[in-house]
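All remarks here apply to the structure that follows.
Residue numbers (the UniProt record's numbering): 1 to 116.
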């Protein structure tokens, strides 16, 4: 029974990722990944939510289904908009609500809205 529950959560996770990519494009896929990373590895700080794992742009690209170059540009845009800060490969999400509103985040359960 627990295995079926895990399969259902995994199916919902994959469906959410596909929805974000198809409805909101690469930018939406990256923003969705950032939200999921905050749910999986996020630590509240005075600056925002620190994603407490170092990620390369190549790793982010793999999670988003896009190229490293595209992720570089999108992260740069998010930094200019003051939605995120990046220091030593650590990302801090300064404005999580901006990410959520950009992809019409429906605040799915924490089981579904995680990266792994």
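Just so it is clear, CB atoms sit at the ideal spot from N, CA and C, and this is done for glycine as well.
For residue i, name the three-state secondary structure that DSSP assigns.
i: residue 38; result: helix
i: residue 112; result: Legend: pLDDT at residue 112 = 48, less than 50; position of this residue unreliable, no value from coordinates given.
i: residue 91; result: strand
i: residue 84; result: strand
i: residue 44; result: strand
i: residue 101; result: helix
i: residue 55; result: coil
Apart from the five residues just before and just after residue i, which ones in its own chain have a Cβ nearer than 8 Å to its Cβ?
i: residue 25; result: none
i: residue 82; result: 94, 95
Would you kindly check if the distance between the Cβ of residue j and the Cβ of residue i is under 8 Å?
i: residue 74; j: residue 30; result: yes
i: residue 38; j: residue 49; result: yes
i: residue 51; j: residue 96; result: no
i: residue 63; j: residue 33; result: yes
Just to confirm my understanding: we take residue i, look at its own chain, exclude 5 residues before and 5 after, and list those with CB closer than 6 Å. What are they?
i: residue 60; result: 71
i: residue 53; result: 41
i: residue 35; result: 99
i: residue 27; result: 74
Have a look at residue i and residue j and give me their C-alpha separation to the nearest angstrom.
i: residue 40; j: residue 77; result: 23 Å
i: residue 43; j: residue 84; result: 14 Å
i: residue 86; j: residue 79; result: 8 Å
i: residue 104; j: residue 47; result: 23 Å
So, for residue i: in the same chain, excluding its five sequence neighbours on each side, which residues have a beta-carbon less than 7 Å away from its beta-carbon?
i: residue 88; result: none
i: residue 58; result: 68
i: residue 45; result: 92
Is any beta-carbon of chain C found at less than 8 Å from that of residue i?
i: residue 26; result: No chain C is part of this structure, which consists of one protein chain only.
- If you pair each beta-carbon of the segment 97 to 105 with each one of the segment 53 to 73, do three or more pairs fall below 8 Å? no
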